[in-house]
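Enquirer: Here it is: the structure, laid out below.
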């Protein structure tokens with residue numbers, strides 16, 4: 001895993017261009033502490049910070065095709081590079097390294113922009129075609145690796161993280177109100193939007209071509225697609241599908257174990273991570289090195305299930321115990337890495353866990369992330385199914401009671417009171433025919449935080465319609481998909497891409513120079529699962545039915561049958577030990593600091609903080625609002641208030 005940065009240049013690079021490039025890549029040292037490299041030529045400046053995993057001796061970047069015609073810097077892994085290399089060698093290509101990076105430039109020379117179709121991996125790629133003076137940016141299908149870009153001073157700039165762009169474009173260090181509204185509703189800005197004005201995120205599965213004359217063309221090369229509702233299954237029986245799923249899972253893990261350094265794994269105690277570790281053992285790793293996090297509060301702690309899997313699989317295991325004070329103390333560091341508001345503290349323990357992985361001498365971990373989106377594992381999918389069933393007879397006195405089978409892992413569950421459950425889950429029932437129907441209650445809860453915005457932003461917040469915004473970004477033909485397929489698509493494009501793979505994925509791992517790998521997000525597995533009938537994934541109210549069947553032979557029955565318990569951590573309470581506000585709260589949420597930022601209403605924020613101090617915040621809405629406000633104020637502190645106004649002078653100015 002690595003960090004990349006660069007920009008288009010004038011015909012002749014000036015010393016200021018070298019300085020700008022060095023400054024950009026220096027901000028990404030945490031993504032690639034092992035080496036760095038620069039390349040400048042007329043038209044392009046490329047920089048790379050390297051985390052050495054494949055071909056540590058020969059895989060330095062920027063890398064070219066041997067003629068100097070095609071150059072690339074690349075963040076990620078191409079897992080099928082061995083097979084692609086053999087294919088290219090049969091075509092007469094001679095390789096100079098053993099790296100997966102070199103496959104990229106030779107595939108591009110052969111296949112043009114369609115080279116991305118051949119890649120099985122997680123990647124953010126910048127590729128310079130000197131013969132056409134053309135810059136091509138590409139991002140992986142699921143959105144595992146980030147890539148940001150902007151146009152300023154007659155140049156196009158790109159980087160793995162916004163902080164590299166802000167380093168040389170300080171005028172971009174302004175919070176975009178629309179990005180803030182999205183983050184407080186959808187849990188993260190929705191691609192291509194970001195929190196910073198003028199900075200864009202390249203969406204998953206897209207190419208951005210920047211031509212010699214400065215024209216931009218954005219092309220989608222891959223997307224989640226589902227069959228029409230009612231189409232016949234692609235398999236004669238579910239048994240046949242289970243057999244193919246086992247083979248695909250085994251091959252995905254086999255490919256993602258490829259590395260010239262040791263590979264570990266996260267082990268939460270749930271079905272998904274346990275299955276990945278079992279498959280790693282099956283692939284030939286006799287004793288997998290595993291890592292997990294535990295908590296003081298039983299509501300969040302899964303140590304019993306983790307230890308059961310450690311005993312069953314015989315792993316060499318490390319447990320990191322995370323306290324509330326650990327979370328509060330590390331929160332500023334988290335926010336510096338996420339570069340976006342977070343509505344939960346859950347990313348912090350994972351950031352601390354990646355530090356434990358690094359201290360153990362590992363650079364790579366497998367994770368079970370993605371299984372819930374691909375195989376319908378979340379309570380949200382079950383909730384939407386019950387709500388649709390309820391909507392057929394909205395006056396029924398018993399249909400909504402099925403919701404009581406959900407959210408059993410929550411101490412303060414929305415289904416704890418039948419009356420409250422009825423009113424809470426009735427939200428958005430008038431949207432039942434819309435593709436965002438399943439997400440309306442969650443977004444309604446999240447957006448309650450918008451009430452804390454400053455008066456100057458209230459009109460904008462009142463006019464913000466997240467359902468309409470997101471529906472503008474949905475593909476044609478979605479109305480023909482099954483309801484579950486529509487729910488899965490929106491989940492994959494919002495919570496997964498905008499939060500789980502970013503603030504809770506790439507950013508917290510790379511904070512400690514750790515590469516996370518996601519076998520369940522192998523695009524072949526996504527395409528396989530998307531073709532399946534909905535009831536093979538969500539059978540009644542049993543989630544991930546076909547995945548359970550596929551993994552059952554490898555796991556203890558109790559783990560294979562265990563109901564999904566999402567990973568969570570304590571939220572607002574972390575910042576008020578024994579009713580006393582943490583120093584961070586006193587500093588960031590002081591009336592003076594709130595007024596200086598101009599984003600929130602100081603009086604309302606004080607009342608919320610007092611409620612937290614008294615221990616009266618137990619529901620999702622207030623917890624998310626408090627953490628969201630605190631993280632936004634930390635972002636303002638880190639990227640705006642502390643930033644000295646500097647001006648970068650380039651060679652063309």
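Residue numbers (UniProt numbering): 1 to 653. In this text, a Cβ means the ideal position worked out from N, Cα and C, and glycines have one as well.
(1) Determine the closest residue to residue 662 out of 125, 160, 575 and 258, with distance taken between C-alpha atoms.
(2) Tell me which same chain residues have a C-beta within less than 7 Å of the C-beta of residue 185, skipping the five on either side of it?
(3) Put residue 33 into one of helix, strand or coil per three-state DSSP.
(4) Quick check on residue 512: does DSSP put it in helix, strand or coil?
(5) Assuming residue 121 and residue 49 are in contact, meaning their beta carbons sit under 8 Å apart, how far apart are those beta carbons, in whole angstroms?
(6) Give the secondary structure of residue 623 by DSSP, where H, G and I count as helix, E and B as strand, and everything else as coil.
(7) In chain order, what are the residue ranges of uninterrupted beta strand (DSSP E) at least 3 long that sit wholly in the segment 15 to 103?
(8) Sort out for me which residues DSSP pairs residue 122 with in a bridge.
(9) Can you check which of these residues, 9, 131, 84 and 114, is closest to residue 64 by C-alpha distance?
(10) How would you call residue 217, buried or exposed, if buried means at least 16 neighbouring beta carbons within 10 angstroms?
(11) Roughly how many whole angstroms lie between the Cα atoms of residue 657 and residue 607?
(12) Would you list the one or two residues that DSSP bridges to residue 196?
(13) Can you give me the C-alpha to C-alpha distance between residue 6 and residue 235, rounded to a whole angstrom?
(14) Is it buried or exposed, residue 361, if we count other Cβ atoms within 10 angstroms and call 16 or more buried?
(15) Comparing C-alpha positions only, which one of 341, 371 and 304 sits nearest to residue 545?
(16) Would you mind stating whether residue 70 and residue 88 have Cβ atoms separated by less than 8 Å?
(17) To test your reading of the DSSP string, which unbroken alpha helix (DSSP H) runs of 4 or more residues are found completely within the segment 446 to 478?
(18) Could you pull the DSSP bridge partners for residue 5 from this structure?
(19) Between residue 567 and the rest of its own chain, which residues show a CB-CB distance below 7 Å, the 5 nearest in sequence each way excluded?
(20) Starting from the Cα of residue 226, find the closest Cα among 629, 635 and 532 and give me that residue.
(21) Please go through the same chain and pick out, in chain order, the residues whose beta-carbon is closer than 6 Å to the beta-carbon of residue 38, but skip the five residues on each side of it.
(22) Roughly how many angstroms lie between the CA atoms of residue 634 and residue 510, to the nearest whole one?
(23) Whole angstroms are fine: how far does the CA of residue 137 sit from the CA of residue 652?
(24) Where does residue 567 sit, in a helix, a strand or coil, going by DSSP?
(25) When burial is assigned at 16 or more other CB atoms within 10 Å of the CB, is residue 462 buried or exposed?
(26) Terminal residues of the continuous alpha helix (DSSP H) containing residue 355?
(27) Restricting to Cα atoms, I'd like to know which of 76, 26, 174 and 489 is closest to residue 436.
(28) Tell me whether residue 526 sits in a helix, a strand or coil according to DSSP, three-state version.
(29) Can you give me the C-alpha to C-alpha distance between residue 144 and residue 506, rounded to a whole angstrom?
(30) What span of residues does the alpha helix (DSSP H) with residue 275 cover, start to end?
(31) Given that a residue counts as buried once 16 or more other Cβ atoms are within 10 Å of its Cβ, and exposed if not, what is residue 15?
(32) Among 562, 135 and 33, which has the Cα closest to the Cα of residue 8?
(33) Leaving out five residues on either side along the sequence, give the residues of the same chain with a beta carbon under 6 Å from the beta carbon of residue 696.
(34) Beta-carbon within less than 8 Å of residue 264's beta-carbon, same chain only, minus the 5 sequence neighbours each way: which residues are those?
(35) So the candidates are 219, 169 and 618; which of them puts its Cα closest to the Cα of residue 198?
Expert: Answer, in terms of the structure:
(1) No statement about residue 662 is possible, as the shown extent of the chain runs from 1 to 653 and does not include it.
(2) 443, 446, 447 and 466
(3) Shown here, residue 33 sits in a strand according to DSSP, grouped into three states.
(4) Correct three-state label for residue 512: coil.
(5) About 19 Å separates the two Cβ atoms, so there is no contact after all.
(6) helix
(7) Counting only runs of 3 or more, we get 35 to 41, 44 to 50 and 70 to 78.
(8) 77
(9) 131
(10) Classification for residue 217: exposed.
(11) Nothing in the structure corresponds to residue 657, since the chain is present only between 1 and 653.
(12) 175
(13) 47 Å
(14) exposed
(15) 371
(16) No. Outside cutoff.
(17) 455 to 463 and 466 to 471
(18) Residue pairing for residue 5: DSSP places it in a beta bridge opposite 47 and 159.
(19) The answer, listed in chain order, is 268 and 346.
(20) 532
(21) Excluding positions up to five away in sequence, the list reads 21 and 47.
(22) 20 Å
(23) Low local confidence applies: a pLDDT of 31 at residue 652 is under 50, so the model's placement there is unreliable, and no value is given.
(24) coil
(25) exposed
(26) 347 to 359
(27) 489
(28) helix
(29) 7 Å
(30) 271 to 282
(31) Here residue 15 is exposed, its C-beta having fewer than 16 other C-beta atoms within 10 Å.
(32) Ranked by Cα distance from residue 8, the options 562, 135 and 33 are led by 135.
(33) Lying outside 1 to 653, the shown extent of the chain, residue 696 is not represented and no answer is given.
(34) 288, 289, 290, 291, 357, 360, 362, 364, 365 and 366
(35) 169
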